[in-house]
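First to last, the protein sequences are chains A and B. Counting from 1, position 9 in the first sequence corresponds to residue 9 in my numbering; the numbering is continuous, with no gaps. Take any residue in the second sequence, count from 1 to its spot, add 1000: that is its number in my numbering. Ideal Cβ positions, reconstructed from N, Cα and C, are used throughout, including at glycine. Written out below as structure tokens is the structure these notes cover.
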Amino acid sequence: MIRYLIKNNFKIMFRNGVNLLIYVIGPILISAVLASAFSSLLESYESAGQFRAGYSIEDDSSMALYIDALKEVAQDNGIYLTEYETGDPQKIIENNDLGGFVKIKGDSYTVYESADSKVEGATLEYLMTAFFNAIISGDTESLKLSISYPEHAPSVNSTDYYGIIYIAYFGWLSIICAAGLLSNEKKNRITERLCVSDLSSLKTYLSRLIPLVTSVLITLSISSFLNVFLLGVHWGNALLSALIVFVSILAASAFGLMLFELTQNMVAATFLSFAVVWTMGFIGGSFETYMLSSHSETLKNLMPIYHENRALVELSGMGHSDYVMSAILYAGVLAVIFSVISVGCAEIKRRKR
Amino acid sequence: MENKSSNEIILKTKDLTKKYSNTVVVDNLNIEIKKGEVFGLLGPNGAGKSTTMNMICNLIKPDLGNVEFMGKDFRKNKKELSSKLGYIPQHLAIHGNLKAWENVELFTSLYGIKGSELKSRIDESLEYVGLMERRNDYAKTFSGGMKRRLNIACAIGHHPDLLIFDEPTVGIDPQSRNFILEKIKESNKNGTTVIYTSHYMEEVEAICTRIAIMDNGKIIASGTSEELKKLVVEDTSSITLEEVFLTLTGKKLRDM
């Protein structure tokens, strides 16, 4: 009857006051500190607002015909275009405190932006793309644009970002919650008793995985609620976000248990788990926001935590995300792979014993 | 102790052998344990007692030979036979963060006992080891002797036919030790076969119906306490079991 084993293992995990403190208070404290530290950085993502931009255009450009229409559409969206006939675009931006610069040559254009005004630059680029598309379709007369929030930059402030990200990050460190149980089982050789009773490797594994996932889920749920009430964190779609976090905790718990099965050493398993999760977080936006990080998209996409972070943040900021499916599938597949490795290793050891 | 065992063999090891690197720890061991007896296994440190116990409990795979339990190969019939065996390890295999009853519930439930039956087995086991009044206390708050008793309670809830005690009285006070020995005798009177290992000769002499002395992986002598004494001197009243043990195994330190 594995349910009694699951129930009691859950009690052991849940009675560990240190774990509770780490999982309930930890995400709140860290997200509060980081949200405060990076608040000005992320404010720029709320909206570019109104700004000035420059442009230059060659006399023989086919775009000359449309320049008045472009200025009008830009103004409607809070971008005030001023012509600069000569000069280096970057210097013009610096000297005139512009949000960006468009150089139109022939039938093509180049958008310049400054490092300090990335959102303005992205907004200008979005305007130009939309306007060119309108020219191609011959519809400049009726062009209506709304470019307050470009699709790739969700409106999220630092409180929402770090409040969400650190729930995800702590979920990936779920091995901490199992540390008390696993080290006691090893220290007091409780596994021997389980072996004498002929408990199968799969049942032994499930008796650890199920309470571990449950206790991490409960503690992080409490932390999330406190985050909402104390810090005002906004989760976009609560149900979908909970599903993403749940599958990630499942993968993370399976990962931790696999490391323990392979090393048979709680310290080594915890250290390895922390090292891997830190690396994933470093690339996947747990420290530096994924929007501003300079890591390649390919590298970021390899990190399951990036899919989770991006899906949760976009759900919060935009109400939808193309990363929801990949976050769930990626974590789900990893959970299955890690579980198969864990149970397989335990079974091999059992047969050799 | 009076021998109330039958002639039916409950457990038998056949040429049981275990090697670690080039050292033979258990060497072609053949022992037979009769149903209803209290079988004592004595030996100095490194004699191979624990390895033998671990092979009997299926915790270690023998290199050669096998263990026959209730007439069947134990390894091949583990599923069917494991519920007939109770193992009380030398170490305290209990969870400090669980209450006494929860510890017993956890280990007893492993044998498929559930619901009201499980509840009554928990009470019965705790009553048996004298911990009923402390059933709701965490194991970590218990004294050494109480933890030892709880360790026993966790192994008896499923009513095994054979109980294996691996040095169950290490580090406890005389009262607790006496209590445990009395309970082992009581279990045996109720029909449970017992294998008992210890370094305390007086304990083994007090409760075991048959004793085997093991050294260098082999049984060097076996029989009742009287029979072992007679191997050394004619007048058994002038010698203790400890003197017999030292005569047979030597006085040289083993764990140097």
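| query | Quick one: which chain B residues come within Cβ less than 9 angstroms of A:Leu209? | reply | Here the question's residue 209 of chain A lines up with position 209 in the first sequence. Result: empty, since nearest Cβ-Cβ is about 17 angstroms, beyond 9 angstroms.
| Contact list for A:Ser31 against chain B, beta-carbon separation under 8 angstroms | On the first sequence, position 31 is the one that residue 31 of chain A refers to. Residues of chain B whose Cβ lies closer than 8 angstroms to the Cβ of A:Ser31 do not exist; the shortest such Cβ separation is about 29 angstroms.
| request: Show which residues of chain B have a CB atom less than 8 angstroms away from the CB atom of A:Ile190. | output: Residue 190 of chain A sits at position 190 when you count from the first residue of the first sequence. Chain B residues near A:Ile190: Ala1093, Ile1094 and His1095.
| said: Tell me which residues share the same chain as B:Ala1093 and place their Cβ nearer than 8 angstroms to its Cβ, disregarding the 5 neighbours each side in the sequence. | reply: Start at 1 with the first residue of the second sequence, and residue 1093 of chain B comes out as number 93. Cβ within range, chain order: Asn1151 and Cys1154.
| Looking at C-beta atoms only, is the number of pairs between the region 207–221 of chain A and the region 168–181 of chain A that lie closer than 8 angstroms three or more? | yes
| field | Partners in chain B for A:Asp198, counting only beta-carbon separations shorter than 7 angstroms | value | Taking the first residue of the first sequence as position 1, residue 198 of chain A is located at position 198. Lys1078, Lys1079 and Ser1082, listed in chain order.
| Environment of A:Phe10 [buried if 16+ CB atoms lie within 10 Å] | Position 10 of the first sequence, counted from the start, is the residue given in the question as residue 10 of chain A. Buried.
| field | Closer than 7 angstroms at the beta carbon, the chain B residues around A:Ile12 | value | If you number the first sequence from 1, residue 12 of chain A lands on position 12. Within 7 angstroms Cβ-Cβ: His1095, Asn1097 and Leu1098.
| query | Would B:Lys1061 count as contacting chain A if we go by Cβ distances under 8 angstroms? | reply | Residue numbering aside, residue 1061 of chain B sits at position 61 when the second sequence is read from its first letter. Cβ-Cβ to chain A under 8 angstroms: yes for B:Lys1061.
| query | So, helix, strand or coil for B:Ile1239, using DSSP? | reply | Reading the second sequence from its first residue, position 239 is the one you call residue 1239 of chain B. Here B:Ile1239 sits in coil by DSSP.
| query | Which residues, taken in chain order from the region 1021–1032 of chain B, show a beta carbon closer than 7 angstroms to some beta carbon of chain A? | reply | none
| query | When you compare only the Cα positions, how much space is there between A:Ala53 and A:Ser321? | reply | The count along the first sequence starts at 1 and reaches residue 53 of chain A at position 53. The count along the first sequence starts at 1 and reaches residue 321 of chain A at position 321. The C-alpha of A:Ala53 lies about 31 angstroms from the C-alpha of A:Ser321.
| task | With a cut-off of 8 angstroms on the beta carbons, I'd call B:Ser1217 and B:Leu1029 a contact; round off their distance for me. | result | Residue numbering aside, residue 1217 of chain B sits at position 217 when the second sequence is read from its first letter. Residue numbering aside, residue 1029 of chain B sits at position 29 when the second sequence is read from its first letter. Ser is not the amino acid found at residue 1217 of chain B; the sequence shown has Gly there. Indeed, because the Cβ distance is near 7 angstroms, the residues count as touching under 8 angstroms.
| request: Determine, using beta carbons only, whether A:Gly180 comes closer than 8 angstroms to chain B. | output: Locating residue 180 of chain A in the first sequence gives position 180, counting from the first residue. Chain B contact via Cβ: present.
| field | Where A:Lys421 meets chain B, residues with beta-carbon distance less than 8 angstroms | value | As displayed, chain A neither begins before 1 nor continues past 353, which places residue 421 of chain A out of reach and without an answer.
| task | Starting from A:Ala130, follow the alpha helix (DSSP H) in both directions and report where the run begins and ends. | result | Translated into positions along the first sequence, residue 130 of chain A becomes position 130. Unbroken alpha helix (DSSP H) run through A:Ala130: Lys118 to Ile136.
| field | Uninterrupted beta strand (DSSP E) stretches inside the region 1157–1232 of chain B (no shorter than 3 residues) | value | 1162–1166, 1193–1197, 1210–1215 and 1218–1223
| query | Can you list the residues of chain B that A:Tyr4 reaches, using a CB-CB cut of under 7 angstroms? | reply | Translated into positions along the first sequence, residue 4 of chain A becomes position 4. Chain B residues near A:Tyr4: Glu1105, Leu1106 and Ser1109.
| query | Would you call the region 1159–1169 of chain B and the region 1192–1206 of chain B in contact, with 3 or more CB pairs under 8 angstroms? | reply | yes
| said: Please list, in chain order, the chain A residues whose beta carbon lies closer than 8 angstroms to that of B:Pro1089. | reply: Counting from 1 along the second sequence, the entry for residue 1089 of chain B is found at position 89. Those are Arg189, Glu192 and Arg193, listed as they occur along chain A.
| field | Neighbour-count burial assignment, A:Val336, 16 or more Cβ in a 10 Å radius | value | Within the first sequence, numbered from 1, the residue matching residue 336 of chain A stands at position 336. Classification of A:Val336: exposed, given that the 10 Å Cβ count is below 16.
| Same chain, Cβ closer than 7 angstroms to A:Pro150, neighbours up to 5 away in sequence not counted | Walking along the first sequence from the start, residue 150 of chain A turns up at place 150. Here the model assigns A:Pro150 a pLDDT of 45, short of 50, so the residue's position is not dependable, and the following value carries that caveat. Contacts found: Ala122, Thr123 and Tyr126.
| Taking the alpha carbon of A:Asn167 as the point to measure from, which residue in A:Val233, A:Glu72 and A:Asp107 has its own alpha carbon closest? | The sequence position of residue 167 of chain A within the first sequence is 167, counting from 1. The amino acid at residue 167 of chain A is misidentified as Asn; the sequence shows Ile. That would be A:Val233, whose Cα lies nearest to the Cα of A:Ile167.
| said: Is B:Gly1191 a contact residue of the ligand FAD, with contact defined as CB to any heavy atom under 7 angstroms? | reply: Ligands in the displayed structure: none, and consequently the ligand FAD is not present.
| said: What would DSSP say about A:Phe170, mapped onto helix, strand or coil? | reply: Here residue 170 of chain A refers to the residue found at position 170 when the first sequence is read from its first residue. A:Phe170: helix per DSSP, three-state reduction.
| field | beta strand (DSSP E) segment containing B:Phe1107, residue limits | value | Translated into the one-based positions of the second sequence, residue 1107 of chain B becomes position 107. It is not in any beta strand (DSSP E) - B:Phe1107 instead sits in the alpha helix (DSSP H) that spans Ala1100 to Ser1109.
| said: Quick test of your reading: B:Leu1085 and B:Pro1160, contact by CB under 8 angstroms. State the CB separation rounded to the nearest angstrom. | reply: Translated into the one-based positions of the second sequence, residue 1085 of chain B becomes position 85. Translated into the one-based positions of the second sequence, residue 1160 of chain B becomes position 160. B:Leu1085 to B:Pro1160, Cβ: 5 angstroms. Contact.
| said: If you follow the alpha helix (DSSP H) that B:Gly1086 is in, where does it begin and where does it stop? | reply: Working through the second sequence from its first residue, we reach residue 1086 of chain B at position 86. First-last for B:Gly1086: Leu1085 to Ile1088, but that is the beta strand (DSSP E), not the alpha helix (DSSP H).
| Along chain B, in chain order, which residues have C-beta atoms closer than 9 angstroms to that of A:Asn157? | Here the question's residue 157 of chain A lines up with position 157 in the first sequence. Ordered by position in chain B, no residue passes the 9 angstroms Cβ test against A:Asn157, which lies about 41 angstroms from the chain.
| query | For A:Asn19 and chain E, any beta-carbon pair shorter than 8 angstroms? | reply | As a matter of chain content, chain E is missing from the structure shown, whose protein chains are A and B.
| said: Does any residue of chain B have a CB that is nearer than 8 angstroms to the CB of A:Asn227? | reply: As a position in the first sequence, residue 227 of chain A is number 227, starting the count at 1. Not an interface residue.
| message | Suppose the cutoff is 6 angstroms on Cβ atoms and the five residues either side in sequence are ignored; what does the same chain contact list for A:Ser36 look like? | response | Mapped onto the first sequence, residue 36 of chain A falls at position 36. The answer is none, since no qualifying residue turns up.
| query | Any idea what DSSP makes of A:Gly49, helix, strand or coil? | reply | By 1-based counting over the first sequence, the position of residue 49 of chain A is 49. Coil.
| field | Neighbour flag for B:Glu1037 against chain A, beta carbons, 8 angstroms | value | For the purposes of this step, residue 1037 of chain B is taken as the residue at position 37 of the second sequence. Output row for B:Glu1037: interface = no.
| said: Please return the same chain residues whose Cβ sits closer than 6 angstroms to the Cβ of A:Tyr84, not counting the five positions on each side in sequence. | reply: For this step, residue 84 of chain A is matched to residue 84 along the first sequence. For A:Tyr84, where only same-chain residues beyond five positions count, the Cβ hits under 6 angstroms are Gly54, Ser56 and Ile92.
| If we call anything under 8 angstroms between Cβ atoms a contact, is B:Gly1040 one with B:Ile1211? | Residue 1040 of chain B sits at position 40 when you count from the first residue of the second sequence. Residue 1211 of chain B sits at position 211 when you count from the first residue of the second sequence. Cβ distance < 8 angstroms, so B:Gly1040 and B:Ile1211 count as in contact.
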